[in-house]
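Chemist:
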Amino acid sequence: MTLSQRTDLRIVHAIPGRVRIKSPLLRQSSATLSEALQREEFVHWARQNTVCSSLIVRFDSGVDTAAVMRLVASILGVSYKPASSLRSPAVCPHGVCSPAAPCRCAAPPENNVTVAAMRFGGLTLAMGWILARRIVTGAMTQAGLFSPLGAVAIVGALPLLRGLAKDARQRKVRLESFLAGSIVAAIAAGEVVTALEVLWITAGGDLLKTWITERSRRAVAEILEVTTHHTFVLRDGVEVETHVDQLVPGDIVVAHTGEKIAVDGKVTRGHALVDESTLTGNAEFPERKKGDRVFAGTMVRQGVLYIEAGCVGDNTYLARILHMIEEGLANRAPIEGMADQLAQRTVRIGGVVTLGTLLVTGNLMRAFTVLLVMACPCATVLAASTAVSAAISTAARNGVLIKGGRYLEQIGDVDVVCFDKTGTLTTTSPRVEALISQDGASREELLQLAYSAEIHNHHPLAEAIKVAADAAWVTPTPHDVCEYFLGQGVRSVVEGRTILIGNAKLMKRFKVKLAEVNAQAESISARGLTTLFLAKDREVLGMFGIANPLRDEAVDVARKLHSQDVTLCLVTGDEARTVADLSERLGIAKTYSSILPDGKSAVVEELQSEGKLVAMVGDGVNDALALAVADVGVAMSAGASEAAMEAADIALIRDDLSQLTYIRDLSRKTTAIARQNFWIATGTNIIGAVGGIVGAINPLMAGMLHIVHTMGVIGNSSRLLAYDHTPDKN
Numbered sequence: 022m023t024l025s026q027r028t029d030l031r032i033v034h035a036i037p038g039r040v041r042i043k044s045p046l047l048r049q050s051s052a053t054l055s056e057a058l059q060r061e062e063f064v065h066w067a068r069q070n071t072v073c074s075s076l077i078v079r080f081d082s083g084v085d086t087a088a089v090m091r092l093v094a095s096i097l098g099v100s101y102k103p104a105s106s107l108r109s110p111a112v113c114p115h116g117v118c119s120p121a122a123p124c125r126c127a128a129p130p131e132n133n134v135t136v137a138a139m140r141f142g143g144l145t146l147a148m149g150w151i152l153a154r155r156i157v158t159g160a161m162t163q164a165g166l167f168s169p170l171g172a173v174a175i176v177g178a179l180p181l182l183r184g185l186a187k188d189a190r191q192r193k194v195r196l197e198s199f200l201a202g203s204i205v206a207a208i209a210a211g212e213v214v215t216a217l218e219v220l221w222i223t224a225g226g227d228l229l230k231t232w233i234t235e236r237s238r239r240a241v242a243e244i245l246e247v248t249t250h251h252t253f254v255l256r257d258g259v260e261v262e263t264h265v266d267q268l269v270p271g272d273i274v275v276a277h278t279g280e281k282i283a284v285d286g287k288v289t290r291g292h293a294l295v296d297e298s299t300l301t302g303n304a305e306f307p308e309r310k311k312g313d314r315v316f317a318g319t320m321v322r323q324g325v326l327y328i329e330a331g332c333v334g335d336n337t338y339l340a341r342i343l344h345m346i347e348e349g350l351a352n353r354a355p356i357e358g359m360a361d362q363l364a365q366r367t368v369r370i371g372g373v374v375t376l377g378t379l380l381v382t383g384n385l386m387r388a389f390t391v392l393l394v395m396a397c398p399c400a401t402v403l404a405a406s407t408a409v410s411a412a413i414s415t416a417a418r419n420g421v422l423i424k425g426g427r428y429l430e431q432i433g434d435v436d437v438v439c440f441d442k443t444g445t446l447t448t449t450s451p452r453v454e455a456l457i458s459q460d461g462a463s464r465e466e467l468l469q470l471a472y473s474a475e476i477h478n479h480h481p482l483a484e485a486i487k488v489a490a491d492a493a494w495v496t497p498t499p500h501d502v503c504e505y506f507l508g509q510g511v512r513s514v515v516e517g518r519t520i521l522i523g524n525a526k527l528m529k530r531f532k533v534k535l536a537e538v539n540a541q542a543e544s545i546s547a548r549g550l551t552t553l554f555l556a557k558d559r560e561v562l563g564m565f566g567i568a569n570p571l572r573d574e575a576v577d578v579a580r581k582l583h584s585q586d587v588t589l590c591l592v593t594g595d596e597a598r599t600v601a602d603l604s605e606r607l608g609i610a611k612t613y614s615s616i617l618p619d620g621k622s623a624v625v626e627e628l629q630s631e632g633k634l635v636a637m638v639g640d641g642v643n644d645a646l647a648l649a650v651a652d653v654g655v656a657m658s659a660g661a662s663e664a665a666m667e668a669a670d671i672a673l674i675r676d677d678l679s680q681l682t683y684i685r686d687l688s689r690k691t692t693a694i695a696r697q698n699f700w701i702a703t704g705t706n707i708i709g710a711v712g713g714i715v716g717a718i719n720p721l722m723a724g725m726l727h728i729v730h731t732m733g734v735i736g737n738s739s740r741l742l743a744y745d746h747t748p749d750k751n
């Protein structure tokens, strides 16, 4: 089988030691695939996601990705042919994007819903004919193995029979094996109509399960329409329409009014109003001009932009977010594990009760009725998974990205929430409120030196300095060297002079004496401002006082978390006197000040050692370690660093802190609906089993009950798709 066929394996994303594969073959759940892969010494783990038809494999970084692909193909029984004729993978010139492996695009995946619907429809016609004959003639239909209905039953049972043969080879017993054996026994006993009833009911259950799987896939695909299929690229001064798959970093992409931007990059010329609501949720259209960054998936509402492509294809910001959601659907919540365990117990109990019914009553029809009710736990299996999938999709539409059901469930149960200060509790737009000069340096000189040192730093405090410098019409001088010290500041070399700008820790690191300016620094801190020292060649030239305005929604969020008995902690690199007022306003129980990045993770671990379930909320590189260590890491991603986004389990993409309480409410609602689904599934199973044992219902009625209660579970979970609760601000 070649790579151009529908069963092809397609590399979606690959980096050394990790590959993500897509194929229609992966829509079918197979524990054997993951187990076989993990038996290989170089494979660390493998995870299959049937919702997204994908497989993620982590392996030794020294192993060639092609070797892993050949291994997967051999286990699946297909061939793999690398796409050697394709262009080399694009590499971001800015060094911020992971390269995607070259791949060929497979044909559109087979529509499993259509196949399941056709199978169910064919069996429905057969059952309809039997029912119509019974109504018209009053006669019960009798059919043997070699009758037309017998042929229909055999054809309809082929998928189950193939599964039975495969399970026999692998020495496994599954629910499908049990059903296939029962159908064969019914046909052999001359009970073809009963076998058809069983097949019709199982086909109906398969259709419902396939539909909910496809619906989840569509919901994920529709969350973020990452880009358009075609865009215009400047080639030798001429705009040429090009498919987005052909774009590479460095291309000059032209976006006109009404067109979506296809790449992440920097504007080289032009200006336009850009709709960035997919990123920020902001209904206003900011103006973008030369030097500004723009992102794929945003739309030019008015104007024209010429954009130098930085990240393209799967490496764009929105594409990576979409992959996070897809992979998150495979990261199961604990309550989904409970559903699987309940379903397994139901099947075991159902087998015993079915056998007992047959032995006690000697009635095959009653036994089949109990079998259909108890041994087909579709509703139980779907009880939690449909609720979690619906909640993740709903959260994404409302600007919250969740990397798995586990984190959705845990965010509703956390005991402690630790907050970073800058960019999290405060806005991402701090401003310079005070500027004190030493040794007669002018305001313009201080701004010019600070701007030159911070020109490539995207920390909110650096942005505040750049805004102040721009407002004063100050032009930066190019620097030769630039070092960024997490939680401290920046060291740069400008025109041969060493410039330091940062907090007292940075000054201490480079042995800059602060004794003469301590009094002035304390006066700045007493006003609740963050103090930054500016030094040239180890001599302090001045100090900046940066105001970090509290977010409008922060007080309401803190109040609601307090009402839910959640303990709030502030973990910040700022000094204690700078954050004292903020802690008091928000009622924060514990404040950890002057904390370095590794110290933030230590605080989280200390709280966890006390038996607390801890969430960490942050946005910067210095928060990444704490986000990774916390039970749930939450990134304010509109201003978040790449490291914070990768480390976080949940991302609030609209830069709105109230989404934290929204997602906690959604978490609790999801758990409540999943538990309701358990009661629906278990209750109807008990009623149906009792009815089957006493002969009150027949297999056809049991099948209808099975389908109705499965639809009830799906319908109940679907209520989460319309959940748009706005956090209470009263």
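Mapping of the sequence shown onto my numbering: position 349 corresponds to residue 370, and the numbering continues sequentially without gaps. Ideal Cβ placement from N, Cα and C applies to all residues, glycine included.
(1) Checking 9 angstroms against the spacing of the C-beta atoms, do residue 574 and residue 679 come in under that value?
(2) Would you list, in sequence order, the uninterrupted beta strand (DSSP E) runs of no fewer than 3 residues that lie entirely inside the segment 475 to 522?
(3) Roughly how many angstroms lie between the CA atoms of residue 716 and residue 379, to the nearest whole one?
(4) To the nearest angstrom, report how far apart residue 496 and residue 315 are at their CA atoms.
(5) Determine the DSSP secondary structure at residue 572, reduced to helix, strand or coil.
(6) In the DSSP output, what is residue 273 paired with across the bridge?
(7) Thinking C-alpha only, which one of 547, 274 and 531 is nearest residue 259?
(8) Is the distance from the Cβ of residue 701 to the Cβ of residue 734 below 9 angstroms?
(9) Is it right to say residue 126 is buried, meaning 16 or more other beta carbons lie within 10 angstroms of its own, or is it exposed?
(10) Would you tell me roughly how many angstroms separate the C-alpha atoms of residue 55 and residue 47, rounded to the nearest one?
(11) Would you call the segment 626 to 634 and the segment 471 to 478 touching, i.e. three or more CB-CB distances under 8 angstroms?
(12) Considering only C-alpha positions, which residue in the set 484, 276, 703 and 143 is nearest to residue 225?
(13) Considering only the beta carbon of each residue, do residue 669 and residue 438 sit closer than 9 angstroms?
(14) Quick check on DSSP: helix, strand or coil for residue 610?
(15) Can you tell me whether residue 59 is helix, strand or coil according to DSSP?
(16) Please state the DSSP three-state secondary structure of residue 672.
(17) Among 175, 187, 706 and 179, which residue has its Cα nearest to the Cα of residue 97?
(18) Just to confirm, are residue 296 and residue 284 a CB contact at a threshold of 9 angstroms?
(19) Figure out for me which residue from 35, 672 and 727 has the closest Cα to the Cα of residue 418.
(20) Can the beta-carbon of residue 521 be found less than 9 angstroms from the beta-carbon of residue 556?
(21) With distances taken between CB atoms, is the gap from residue 178 to residue 209 smaller than 9 angstroms?
(22) Measuring CB to CB, does residue 268 end up less than 9 angstroms from residue 261?
(23) Distance, Cα to Cα, residue 366 vs residue 507?
(24) Between 251, 567 and 470, which has its C-alpha nearest residue 519's C-alpha?
(25) Quick check: what's the CA-CA separation for residue 107 versus residue 542?
(26) On the DSSP bridge assignment, give the partners of residue 585 in chain order.
(27) For residue 587, which of 516, 681, 570 and 526 has the nearest alpha-carbon?
(28) Helix, strand or coil for residue 444, going by three-state DSSP, please let me know.
(29) For the alpha helix (DSSP H) containing residue 528, list its first residue and its last residue.
(30) Am I right that residue 706 and residue 395 are in contact with their C-beta atoms under 8 angstroms? What's the rounded C-beta distance?
(31) CB-CB under 8 angstroms to residue 376, same chain, minus the five flanking residues each way: which ones, in chain order?
(32) What's the C-alpha gap between residue 324 and residue 265?
(33) Mind reading off the beta-carbon distance from residue 322 to residue 294? Whole number of angstroms is fine, and I expect it under 8 angstroms.
(34) Where do the ends of the beta strand (DSSP E) carrying residue 287 lie?
(35) Could you have a look at residue 616 and say whether DSSP puts it in helix, strand or coil?
(36) Name the two residues that bound the continuous alpha helix (DSSP H) containing residue 743.
Modeler: Reading off the structure:
(1) Closer than 9 angstroms, so yes.
(2) Contiguous beta strand (DSSP E) elements confined to the segment 475 to 522 occur at 502 to 506 and 510 to 515, taking only those with 3 or more residues.
(3) The C-alpha of residue 379 is placed about 12 angstroms away from the C-alpha of residue 716.
(4) Straight across, the Cα-Cα distance linking residue 496 with residue 315 is about 23 angstroms.
(5) Coil, per DSSP.
(6) DSSP lists 329 as partners of residue 273.
(7) The residue with the shortest Cα to Cα distance from residue 259 is 274.
(8) Between residue 701 and residue 734, the gap from beta carbon to beta carbon is short of 9 angstroms.
(9) Residue placement at residue 126 is flagged as unreliable, the pLDDT there being 33, under the threshold of 50; a coordinate-derived value is accordingly withheld.
(10) Each residue's alpha carbon lies about 11 angstroms from the other.
(11) They do not touch, by the three-pair rule.
(12) With respect to the C-alpha of residue 225, the residue from 484, 276, 703 and 143 having the closest C-alpha is 143.
(13) In this structure, residue 669 keeps its C-beta atom at 9 angstroms or more from the C-beta atom of residue 438.
(14) Residue 610 falls in the coil class under three-state DSSP.
(15) When DSSP states are grouped into helix, strand and coil, residue 59 belongs to the helix group.
(16) Here DSSP, grouped into helix, strand and coil, assigns residue 672 to strand.
(17) The option with the nearest alpha carbon to residue 97 is 187.
(18) With contacts defined by Cβ atoms closer than 9 angstroms, residue 296 and residue 284 do not form a contacting pair.
(19) Ranked by Cα distance from residue 418, the options 35, 672 and 727 are led by 672.
(20) Yes; because the gap between Cβ atoms is below 9 angstroms, this pair is in contact.
(21) No, the Cβ-Cβ distance between residue 178 and residue 209 is not below 9 angstroms.
(22) No, the Cβ-Cβ distance between residue 268 and residue 261 is not below 9 angstroms.
(23) Their backbone Cα atoms lie some 52 angstroms apart in a straight line.
(24) Here the closest residue by C-alpha is 470.
(25) The pLDDT assigned to residue 107 is 34, lower than 50, so where the model puts this residue is not dependable, and the model offers no usable value.
(26) Under DSSP, no beta-bridge partner is assigned to residue 585.
(27) For the residues 516, 681, 570 and 526, the minimum Cα distance to residue 587 belongs to 681.
(28) Helix at residue 444.
(29) Its alpha helix (DSSP H) spans residues 525 to 530.
(30) Contact holds; Cβ gap of about 6 angstroms.
(31) If we look at residue 376 and ignore the five residues flanking it on each side, its Cβ neighbours are 388.
(32) Rounded to the nearest angstrom, the two C-alpha atoms are 21 angstroms apart.
(33) For residue 322 against residue 294, the beta-carbon gap comes to about 5 angstroms, under 8 angstroms, which counts as contact.
(34) Per DSSP, residue 287 belongs to the beta strand (DSSP E) from 285 to 296.
(35) Residue state, collapsed to three classes: coil.
(36) Per DSSP, residue 743 belongs to no alpha helix (DSSP H) and is neither H nor E.
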